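So the sequence lines, in the order shown, correspond to chains Z and B.
Residue numbers for the first sequence follow this note's numbering, so the first one is 1 and each next one is one higher.
Residue numbers for the second sequence follow this note's numbering, so the first one is 1001 and each next one is one higher.
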Amino acid sequence: MKGFLKKDGTRSVLASLLSIVIGLLAGSVIILIVGLIDNRISLNSAWEGIRLVLFGVFSTGRNAAGALTFGFNPANFGNMLFRATPLIMTGLSVAVAYKTGLFNIGAAGQYLAGVCATLFIALSIPSSVVPAWIIWILAFLGGMLAGAVWGAIPGLLKALLNINEVIACIMTNWIAANLVTWLFDISKLKNVTEGTKTGYIYKTTFNGVATPKMGLDKLFPGSQVNGGILIAILFAVLAYILMEKTTFGYQLKACGANRHAARYAGIKDKRNIVVSMAIAGALAGLGGTLYYLSGNTEFFWSTYQSLPGEGFNGIAVALLAVNNPVAVIFTGIFMSLLDIAGLQLTNLTAYNEYITGIIIAVIVYLAAFSLVIKLWLAGRKKKKEAMAAPVKGPAAPMPSITEPKGGGETPAEPKEEEKEAQA
Amino acid sequence: MSFLIRQTLIYAIPLMIVALAGVFSERSGVINLALEGIMIFGAFIGVTFVRILQAAGLFQAAQQAGNWLALQGYLLLTLLAAAVMGAIFSLLLAFAAINLKADQTIGGTALNLLSPALVLFLVRIIAKQNTLLLLSGDSATWFMIKKTMLGFDKSAELGFLGETFLNKVYLTTYVCILIFVILSVILYKTRFGLRLRACGENPQAADSLGINVKKMRYAGVTISGALAGMGGAVFAITTANCSSSGEVAGFGFLALAVMIFGNWKPLNIVGGALLFGLFKCIAAAYSTLDINGDGVYSLAELGLNANFYRLLPYIITLLVLAFTSKKSRAPKAEGIPYDKGQR
């Protein structure tokens, strides 16, 4: 148990869990404070709000007496997986770039590029001529390619002209937002047949194109879930293999750790920066692709004033997962769980879904000094050992020096554990 | 032409003051990516403060008495409130970056996520919609200075300069220019400014000469927060017509870009902000823009898509950055947490 606790990975997980708990607490406290200040909101509804924040995904509405009811809600769970799909993809995008030492704040623009290419391909090729599944594949590849191109631009600017990728990404974000608006503005894809809402693009189902459900709709009836989530999980595993098990992934990480040392070792650092951003862009673009190829979501095309939140939430997803592609699957699902809780909050109480954003922000804030939290977690153990150390005699100082590396298998360990157990 | 200059200033002033906010933080060694978030927060505080004053009946009383000086005083108070709250908000970044030695980019991103969520959460509860407006009227009714207020006749001809700088202007423009000049002088001509810049270039050397790096960095970030908060309020009052909706149209990020292509120097920032403001203004008003006053709307007659003009400011920024990046010189120690043990 002690050795398990000392592992760096365990500490990362603990630090992330601690961040989540503090984030949820902060959200609850804000709900309580607003409930106390605003006299239109009773203390009881504040309590309801807190319960929804914590257990929103289990909410099944209100019963006849008006009290909140909780239980397994397949629609909520299905929608959670559906909304997790783009978050996992943008999270992977940020994580892969981060491993190469790049902060991809441009996932929002790459996401939009993916959406744009996908919708144009999926809606422009008539499904009466080309089989729908071929259109689906073309739209999928198109979204991936568009995202990759959009990601490669800041990569090129960074590699060739030494422009800070953060600022280049911010600019390409807004260029994408305006360009997408422009392209849809002059397109024939604006939904005019369903007159209830204006400013939306046709769903891809208008052309008979949609991601297959792969049986998930039977598992979670009443929800929007489809095979996209499985594709996202597949990409997470692929990203993990690429980064951890291949030479190319090692080169990318070497560039991230020390660009100059990597170049000295014969790694093409400039090429790697561009390729890494292109991969990141492709992943973010696929996030948009999978979300809108589902066939049951409509795209609001006038995006020039605001960027899609998926891009920025991807940063949160990646940070919480400590940039581990497999962990991104879980943090992505967790973020969308918060989303669902937020929606329940809007539907059932006087509060609204933006509390989700606050909780995510608190978690990211804590992630900024997760290293400090990890050191603190480690430090507590070190202190305990230091207290136990004098009893052990001259061999004592050794483990405390090697310990931060997480080895933890020094022979002195078990003895120490026994002493602590006795104490 | 005077319309064009006035409008350009309306876009350029918030950019300029927020870019200076960025300079103060980064020159002290802390990357402030949170400018956007602090601006959004400042905008919200500004609008809320005006609403509170309105609820107390002060605005209506001042207008009935014809006392427009009082209204301008309230405007200054609003800016002050936004600056104070912006400074407090920025302490979150300062604490993470300076005390906890956190990753400053991520800390800034956290504030950028926090601010719109918090503002929208509160706005929705206060106003039951996503935009917080004033209780009555808008910024033009309350704050705009018109020539009649300055004692001129309604039909008086003020000439080019008068029309541009006295009629239909906001006091905020001049307040911001004044603050900009004062703070630039402080940054370059005083002991405090020199010390602040030293902490962003070589904090170890500064520390060895007895300068408290922590304190200076706190000062840098707090001044930055105050300016960005004020900039947000200015944006809300002049550019967004006294409304707050959890976004400032990306102005905080644009200010960051202006700061970078202004090479972290106040004078260059003025140039960058004006250039950017001009293109923003063209994007917003190209169809009604009559540059030389002969009744020919030359830009509208070009027949280009409105989206092209909206796109222009960002592409120009990237191009300018591409050409200037070789000469660009960021403060050496920015983004690196100060570690006493590292020499």
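Yeah, the Cβ is synthetic: ideal placement off N, Cα and C, and Gly gets one too.
Quantities reported herein were computed from a predicted structural model and do not represent experimental measurements.
- When the beta-carbon positions are compared, alanine 148 of chain Z and glycine 281 of chain Z come within less than 7 Å of each other.
- Around the beta carbon of phenylalanine 1253 of chain B, 16 or more other beta carbons sit within 10 angstroms, so the residue counts as buried.
- Close to serine 306 of chain Z, with beta-carbon spacing below 8 Å, are these residues of chain B in chain order: Glu1247.
- Unbroken alpha helix (DSSP H) runs of no fewer than 4 residues, entirely contained in the region 209-233 of chain Z, are found at 216-219, following chain order.
- Counting C-beta atoms within 10 angstroms of its own C-beta, asparagine 324 of chain Z has 16 or more neighbours from the protein chains shown and is therefore classed as buried.
- With 16 or more other CB atoms across the displayed protein chains lying within 10 angstroms of its CB, proline 1203 of chain B is buried.
- Look at the region 354-369 of chain Z: the residues with a C-beta under 9 Å from a C-beta of chain B are Tyr354, Ile355, Thr356, Gly357, Ile358, Ile359, Ile360, Ala361, Val362, Ile363, Val364, Tyr365, Leu366, Ala367, Ala368, Phe369.
- For threonine 205 of chain Z, the CB contacts under 6 Å within the same chain, skipping 5 residues up- and downstream, are Gly295 in chain order.
- Going by beta carbons, lysine 99 of chain Z and lysine 253 of chain Z fall inside the 7 Å limit.
- In the three-state DSSP reduction, lysine 190 of chain Z falls in the strand class (E or B).
- Between leucine 1135 of chain B and the set B/Cys1242, B/Arg1310, B/Pro1337, the nearest pair of CA atoms involves B/Cys1242.
- For alanine 1322 of chain B, the closest Cβ of chain Z is nearer than 7 Å.
- Segment contact: the region 112-120 of chain Z against the region 74-85 of chain Z, fewer than three CB-CB distances shorter than 8 Å; contact not assigned.
- Cβ-Cβ distances below 7 Å link valine 53 of chain Z to Leu24, Gly27, Ser28, Ile31, Ala341, Leu345, Ile355 in the same chain, with the five nearest sequence neighbours on each side left out; the list follows chain order.
- For the C-beta of glycine 1107 of chain B, the chain Z residues within less than 7 Å are, from N- to C-terminus, Tyr365, Ala368.
- Of the candidates B/Gly1042, B/Arg1195, B/Ile1237, B/Ile1098, the residue whose Cα lies closest to the Cα of glycine 1335 of chain B is B/Ile1098.
- Taking a contact as a CB-CB distance under 8 Å, the pair threonine 1078 of chain B and alanine 1233 of chain B counts as one, their CB atoms being some 6 Å apart.
- At a cut-off of 7 Å between C-beta atoms, threonine 1238 of chain B does not count as an interface residue with respect to chain Z.
- Taken atom to atom, the span from the alpha-carbon of glycine 9 of chain Z to that of glycine 208 of chain Z is near 45 Å.
- With fewer than 16 other Cβ atoms inside 10 Å of its own Cβ, valine 237 of chain Z counts as exposed.
- When secondary structure is reduced to three states using DSSP, threonine 60 of chain Z falls in the strand class.
- Taking a C-beta distance under 7 Å as the contact criterion, tyrosine 1314 of chain B and isoleucine 153 of chain Z do not qualify as a contact pair.
- Just measuring C-alpha positions, the residue of Z/Thr193, Z/Gly61, Z/Gly71, Z/Gly199 sitting nearest valine 180 of chain Z is Z/Gly199.
- Proline 131 of chain Z sits exposed, since fewer than 16 C-beta atoms from the chains shown fall within 10 Å of its C-beta.
- Distances from the CA of leucine 1114 of chain B to each of B/Lys1326, B/Val1258, B/Met1039 were compared; the closest alpha carbon is that of B/Met1039.
- Within chain B, no residue has its CB atom less than 7 Å from the CB of threonine 69 of chain Z, the nearest being about 24 Å off.
- Against chain B, the CB of methionine 171 of chain Z has a partner CB under 7 Å away; the residue lies at that interface.
- Within the region 1188-1210 of chain B, no residue places its CB atom closer than 9 Å to a CB of chain Z.
- Taking a cut-off of 8 Å for Cβ pairs, the region 1059-1079 of chain B and the region 1252-1272 of chain B do not touch, as fewer than three such pairs fall below it.
- Membership of threonine 69 of chain Z in the beta strand (DSSP E) is indicated by the continuous run 68-70.
- For glutamate 1201 of chain B against serine 1002 of chain B, the beta-carbon gap comes to about 42 Å, at or over 8 Å, which does not count as contact.
- Between the alpha carbons of lysine 158 of chain Z and isoleucine 105 of chain Z lies a distance of about 14 Å.
- Contacts between serine 1090 of chain B and chain Z, judged by CB atoms closer than 9 Å, are missing: the closest CB pair is about 13 Å apart.
- Taking 7 Å as the CB threshold, phenylalanine 1165 of chain B stays off the interface with chain Z.
- Per DSSP, reduced to three states, the secondary structure at isoleucine 1145 of chain B is strand.
- Look at asparagine 1307 of chain B: its C-beta is under 7 Å from a C-beta on chain Z.
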